[in-house]
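Under my numbering, think of the first position of the sequence shown as 277, with each following residue one higher.
Worksheet: the structure to be examined is printed underneath.
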Amino acid sequence: MKRSFCLLLILIHVFLTLNAQKSPFEKNGESTATYEELIDFYQLLDKKHAQMKIFEYGPTDIGKVLSLIVLSRDQIFDPIEARKQNKCILLINNGIHPGEPEGIDASMMLVRDLLESNSIPKNVLIGIIPIYNIDGMLNRGLSRVNQNGPESYGFRGNYQNLDLNRDFIKSDSKNSKAFQRIFNAWKPEVFIDNHASNGADYQYVMTLISTQKDKLNSTLSDYLKSRMLPDLYSRMKASNFDMSPYVNSIKETPDAGITGFLETARYSTGYAALHNSIGFMPETHMLKPYPQRVDGIYKFMEHMIELVGRDANLIIKNKQIADADVSEQSFFPLQWTLDDRNFSLFRFKGYEARQKISEVSGLPRLFYDRNIPYEKDIRVFDNYLPSKAIKKPLAYIIPQSWQRVIDLMELNGVEMKRLAKDSEVELEVYYIEDYKTVGKPFEGHYLHSQVKLRTEYQKVKYHAGDFMVFTDQVRNRYIVETLEPQGVDSFFAWNFFDSVLGQKEHFSDYVFEDEAALILKKDPEMRARLEDEKKKNSALVQSPNQQLDWIYRNSKHYEKTHLRYPVGRLVRPAKIELN
Ligand SMILES: [Zn+2]
């Protein structure tokens with residue numbers, strides 16, 4: 277009896293395997309799915325399985341909707357209901373760089389296998405974006421010159437030629453807005469964004485960027501360091517995918533050490549960290565054969581699902597603690613620097629870096645000798661120190677004219693109130709004293725950095741309908757890091773407020789001469805200050821025009837709004853009527 281029962285099970289298994297829906301990748305191991313094949317594959321699975329549902333979010337830049345596959349053992353497909361039933365939410369993103377399609381192909385097989393073996397963990401809801409940069413996926417070619425397969429693949433840029441993995445704050449693409457809608461509707465505790473990488477040669481197929489630990493809320497970070505990462509590394513090793521931290525070499529080769537990758541908020545996992553979600557960017561090594569890379573990503577996601585299932589209650593609780601923390605947190609780091617004095621050692625499996633004569637130039641060139649593998653301790657610098665932090669105000673006031681900012685706040689679930697009537701409010705305002713700007717556009721922007729501010733306490737006129745954002749919210753990190761101009765990825769850095777950098781009115785020098793003389797005559801204190809300035813600044817003494825400009829800027833005629841950052845900081849309680 278027993279033997280025949282076993283035989284029956286084997287036959288059922290063989291039958292299921294033979295009938296399993298095959299992905300284009302599985303047909304020869306060298307092809308990645310086209311967009312049409314991808315959509316057809318998931319639609320077919322959807323017809324067969326009640327534990328899967330396809331959601332459609334927003335348009336993307338190319339006009340097609342962004343799909344989200346949700347897998348739920350109990351067929352709960354509502355994020356609020358899922359949360360009530362204590363389910364942990366894992367979100368997986370694929371094809372942000374469609375030329376790195378491992379995640380696209382691996383996810384197709386993984387979704388099918390989870391459904392067909394009925395093995396979705398009961399306490400985990402799995403969301404998968406099958407392809408994020410649809411635009412790039414449709415633009416197929418061979419644009420990654422060093423990559424070892426597949427036969428052809430999508431392009432990194434989207435329809436606007438944007439790198440979507442720099443677009444999570446500025447949100448120039450519709451793809452980004454649709455993603456943020458997904459992220460804020462489902463609020464995942466854990467997030468994976470699948471990638472492939474180049475750089476040095478070494479023995480690993482899989483490397484990993486996890487949310488930089490110092491940038492993450494400490495409750496989440498403690499769990500990540502003490503449990504999640506050690507378990508992931510050991511489980512991957514047991515699956516024959518020994519992993520290394522992402523190989524961000526200090527010098528040309530990894531021997532001199534590597535640094536942790538500081539993925540600020542413009543990046544997917546940096547954005548996730550603003551929302552207290554633990555993020556991972558597994559990076560396959562693109563010099564390794566494509567089937568191995570797909571398998572590596574498959575195993576990584578599989579182990580992550582197991583881990584999230586095992587620790588679901590703890591992960592949910594940790595996020596609740598982190599969310600409560602951030603609502604009450606007073607100081608927020610805005611910039612980070614690498615601590616180059618502290619490091620840990622990592623047993624690294626590399627290939628010896630050597631020199632030989634180039635057949636192209638006849639000059640020495642670098643190569644990694646795969647015949648000389650080595651294993652040695654290398655230094656890993658993964659400690660970042662906050663180099664700029666800010667105390668949050670009680671609230672920010674955003675004039676309604678800055679609609680782009682308001683839209684993004686809303687998209688990110690920020691609670692806002694509106695001024696009931698025109699009001700004069702005493703608050704802190706910033707003046708932009710200095711900043712640096714890149715010389716060439718970066719991702720469609722002239723990014724600012726090294727912003728210097730002067731703070732003034734002023735009475736500012738706001739209007740009915742302007743927005744008040746209190747800083748007692750779960751979304752505090754998003755609010756502070758985007759609205760504080762000194763944030764690495766602040767809206768100011770990404771040029772949202774550039775119009776305040778221009779002066780609207782000016783003086784005509786020969787006309788203003790007489791007026792300026794009168795001003796100085798009436799205001800001896802100003803005259804004294806001008807004389808003081810002249811003692812410090814010889815250029816001022818030499819330049820009649822500079823002296824006129826100084827008087828103009830110190831007079832009542834000079835516009836207060838020039839270089840004034842328009843978002844005010846309410847730092848003392850005030851009576852303001854709100855809707
Ligand atoms: Zn990538």
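Each residue gets a CB set at the ideal place from its N, CA and C atoms; glycine is no exception.
The alpha helix (DSSP H) runs of length 4 or more contained entirely in the region 644-695 are, from start to end of the chain, 679-687.
The Cβ-Cβ distance between P609 and A665 falls below 8 Å. Contact between the region 477-495 and the region 520-527 is present: three or more C-beta pairs spanning the two stretches fall below 8 Å. The beta carbon of H561 sits no closer than 7 Å to any heavy atom of ligand 1.
Relative to the non-hydrogen atoms of ligand 1, the Cβ of A309 never comes closer than 7 Å to any of them.
Cβ contact annotation for D507 (same chain, cutoff 7 Å, sequence separation greater than five): L583, in chain order.
Nearest Cα to Q676 within the set S603, R829, D742: D742.
It is roughly 13 Å from the alpha-carbon of R655 to the alpha-carbon of G626. Checking the 7 Å criterion, the Cβ of N441 is within range of a heavy atom belonging to ligand 1. The way I'd put it, the region 723-741 doesn't touch the region 571-589; fewer than three beta-carbon pairs between them come closer than 8 Å.
Judged by their CB atoms, V745 and Y672 are nearer to each other than the 8 Å cut-off.
Between ligand 1 and the CB of A598, the shortest heavy atom gap is not smaller than 7 Å. Between ligand 1 and E604, a heavy atom-to-CB distance of less than 7 Å is absent. Exclusion of the five residues before and after E313 leaves P300 as the residues of its chain whose Cβ lies within less than 7 Å of its Cβ.
With the rule of 3 Cβ pairs closer than 8 Å, the region 600-615 counts as touching the region 751-770. Judged by beta-carbon spacing, S419 lies within the 8 Å limit of G375, meaning their Cβ atoms are closer than that value. For G626, the enclosing beta strand (DSSP E) covers residues 620-633. S452 carries a helical assignment under DSSP once its states are collapsed to helix, strand and coil. Counted as a single uninterrupted DSSP element, the alpha helix (DSSP H) harbouring H579 occupies residues 566-586.
Per DSSP, the unbroken alpha helix (DSSP H) holding I315 starts and ends at 311-324. Spanning the alpha carbons of E691 and G379 requires a straight line of approximately 35 Å. Rounded to whole angstroms, the Cβ separation of I445 and D765 is 5 Å, and the two are in contact under 8 Å. DSSP links V714 through a beta bridge to no other residue. As computed with DSSP, P406 is found in no beta bridge at all.
Here the region 334-343 makes contact with the region 447-458; the two share three or more CB pairs at distances below 8 Å. Rounded to the nearest whole angstrom, the CA to CA distance from E789 to S831 is 13 Å.
The Cβ atoms of P842 and W612 lie no closer than 8 Å to each other.
Using a 10 angstroms sphere on the CB of N370, the tally of other CB atoms reaches 16 or more, which defines it as buried. It is roughly 47 Å from the alpha-carbon of K324 to the alpha-carbon of S525. A contact between stretches requires three or more CB pairs, one per stretch, nearer than 8 Å, and the region 586-599 meets this requirement with the region 493-502. Look at E378: its beta carbon is at least 7 Å from all of the heavy atoms in ligand 1. D469 counts as buried, since at least 16 other C-beta atoms from the protein chains shown sit within 10 angstroms of its C-beta. Looking only at D698, E709, E807, Y711, the smallest Cα-Cα distance to N855 is reached by D698. In this structure, ligand 1 has no non-hydrogen atom nearer than 7 Å to the beta-carbon of A629. For A382, the Cβ stays outside the 7 Å cut-off from all heavy atoms of ligand 1.
Annotation for F556: I468, S486 place their beta carbon closer than 6 Å to its own, counting only its chain and skipping 5 residues before and after.
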